[in-house]
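So the mapping is simple: the working numbering equals the position in the sequence shown, first residue as 1, plus 1. What follows is a set of notes on a single structure, which appears directly below.
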Amino acid sequence: MNEKETEPSLDQHRFTVSFDEPMRMVTGGTLARLDLAVETYGSLNDSRDNAIMICHGLTGNQNAAGAPLPGGPPQPWWQLAIGPGRMFDTDRYFIVCANVPGGCAGSTGPAATDPHTGQPFGMRFPRVTMADMADAWARLQDRLDIPRFRAAAGGCMGGFQVLEFARRHPSRLSCAIAISATPFTSAYTIALWELMRQAIYADPGWQGGDYYGQAQGPLAGMGLGAMIGSVLWLDRDTLAEKFGRRRADTPAADGGVPPPAFPAPEFAVEAFLARVRANASLRFDPNSLICLTKAMDLFDLADGYPDLSSGVSAIDKPVLLVSYESDWRYPRAEIARLADAIASNGTAVAHHHLTSPFGHGAYQFDVSALAPVVTGFLQAMS
């Protein structure tokens with residue numbers, strides 16, 4: 002475990018934890034070795050009881066705050082939430098964030114070398130589920146010698162991990178915070194993920210997932226997928242407010258410019274999507290995107306149980322659920338149904354519904370609205 006300090010003000014450290022013991026995945030398949038890329042912020046106290054696990058979303062990674070990863074986004078994905086005096090106060094808590102199995106920021110994923118072939122796994126990587134991610138977190142917890150997390154927190158796919166960890170390993174945490182996370186992935190969202198995957202599959206550069214070491218990978222497919230993803234994150238009202246029916250070019254004093262020749266963007270919203278596509282890169286591995294969206298597709302807390310209440314019956318620690326008015330993919334009604342199911346088993350649960358113009362991205366970009374809810378919950382759990 003090679004540790005590196007990166008941001009002194011956050012007491013930020015990044016390192017990789019390696020497990021040589023094989024990991025058998027829930028749906029079959031085995032990883033002979035598992036590497037988890039980890040970042041921590043703050044200090045673990047002498048009682049080792051102030052740790053909070055932070056679970057990242059689909060395109061996030063272990064770099065939740067502080068100094069960015071080399072070659073990564075300039076601002077870590079939850080920068081606004083983690084630090085001294087912030088929602089996850091590093092003067093009080095020891096924050097742990099890990100890149101999930103199947104990821105592409107240092108943890109074992111499709112780009113890793115298959116020890117049986119000496120080549121990258123590609124699409125031969127074992128199928129990953131939220132249960133596998135939860136079990137990997139339990140392994141990491143043991144390695145870090147943290148008997149119990151003060152809390153587990155995350156949004157979207159991170160919220161899925163939190164819920165799965167809370168029911169598979171209830172003795173390993175004191176409370177759970179799941180934001181913008183429903184009890185299952187809806188057919189609508191599965192269809193949207195499939196659109197993104199098909200955009201990658203249709204790119205000749207994908208080569209069935211064996212594009213590693215090639216000059217071009219499925220960049221065009223990732224660009225189209227990024228366009229689809231951008232629309233998923235925003236809602237109808239936000240797009241209307243931001244772009245409306247404005248044209249892509251500002252009208253000139255003589256009455257305006259002629260419409261651009263097809264296929265150049267004519268409307269401002271089209272120009273926005275064109276910029277998204279132009280800025281696409283292979284920084285996030287396409288095979289990891291496929292792997293992790295499939296893991297999200299499989300998430301269903303009621304699967305294998307008579308009903309949802311039975312599926313969450315093992316969750317016995319207090320739970321905070323947060324939904325957003327503008328998050329049409331993870332709606333209030335479905336999260337309320339989850340709250341009712343948890344409460345039916347006698348477990349304390351609070352469901353807060355917030356208003357924000359940021360759609361599904363609200364938990365990352367509108368922390369000022371979320372922070373009072375989360376900090377109040379954590380204080381009540383102290």
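Note that the Cβ used here is the ideal one computed from N, Cα and C, for glycine as well.
(message) Among the candidates 192, 74, 210, 351, whose CA atom is the shortest distance from the CA of residue 178?
(response) 351
(message) Can you find the residues in the same chain that come closer than 6 Å, C-beta to C-beta, to residue 253, ignoring five residues on each side of it along the sequence?
(response) With a pLDDT of 39 at residue 253, under the threshold of 50, the predicted position of this residue should be treated as unreliable, though the coordinate-derived value follows. If the five residues before and after residue 253 are omitted, its C-beta is found closer than 6 Å to no C-beta atom of its own chain.
(request) Please list, in chain order, all residues of the same chain as residue 190 whose beta carbon is under 7 Å from its beta carbon, the five residues on each side excluded. (result) 330
(message) I need the DSSP call for residue 31, collapsed to helix, strand or coil.
(response) strand
(request) Just the C-alpha distance for residue 54 and residue 39, rounded to the nearest angstrom, thanks. (result) When rounded, the distance between both Cα atoms is 11 Å.
(request) Might you give, ordered along the chain, the residues of its own chain that have their beta carbon closer than 6 Å to the beta carbon of residue 41, omitting 5 neighbours on each side? (result) 14, 97
(request) Could you tell me whether the stretch 88 to 96 touches the stretch 104 to 120, where touching means 3 or more Cβ pairs closer than 8 Å? (result) no
(message) Am I right that residue 210 and residue 123 are in contact with their C-beta atoms under 8 Å? What's the rounded C-beta distance?
(response) 4 Å
(request) Helix, strand or coil for residue 185, going by three-state DSSP, please let me know. (result) strand
(request) Mind reading off the beta-carbon distance from residue 270 to residue 244? Whole number of angstroms is fine, and I expect it under 8 Å. (result) 4 Å
(request) Give the secondary structure of residue 324 by DSSP, where H, G and I count as helix, E and B as strand, and everything else as coil. (result) strand
(message) Let me check understanding here. Comparing Cα to Cα, which of 187, 236, 301, 11 lies closest to residue 362?
(response) 236
(request) Indicate whether the contact test is met: 3 or more Cβ pairs, each with one atom in the stretch 15 to 23 and one in the stretch 46 to 61, closer than 8 Å. (result) no
(request) Name the two residues that bound the continuous alpha helix (DSSP H) containing residue 142. (result) 131 to 144
(request) Give the range of the alpha helix (DSSP H) segment to which residue 101 is assigned. (result) Careful: residue 101 lies outside any alpha helix (DSSP H) and carries neither H nor E.
(request) Write down every uninterrupted run of the beta strand (DSSP E) in the stretch 288 to 365 whose length is 3 residues or greater and which is fully enclosed by it, in chain order. (result) 320 to 325, 350 to 355
(message) Given this structure, state the Cα-to-Cα distance separating residue 12 from residue 66, to the nearest angstrom.
(response) Their Cα atoms are separated by approximately 11 Å.
(request) Would you mind working out which of 174, 30, 366 sits nearest residue 316, comparing C-alpha positions? (result) For residue 316, the nearest C-alpha among the options comes from 174.
(request) Please confirm whether residue 221 and residue 204 have their CB atoms less than 8 Å apart. (result) yes
(request) Grab me the residues of residue 158's own chain with a C-beta within less than 6 Å of its C-beta, minus the 5 sequence neighbours each way, in chain order. (result) 58, 59, 297
(message) Considering only the alpha carbon of each residue, which of 120, 301, 46, 378 lies closest to residue 186?
(response) 301
(request) Tell me whether the beta-carbon of residue 139 lies closer than 8 Å to the beta-carbon of residue 117. (result) Cβ atoms of residue 139 and residue 117: not closer than 8 Å.
(message) Just verifying my parser: in three-state terms, what is the DSSP assignment at residue 252?
(response) For residue 252, the pLDDT reaches just 48, beneath the cut-off of 50, and the residue's location in the model is therefore unreliable, leaving the point undetermined.
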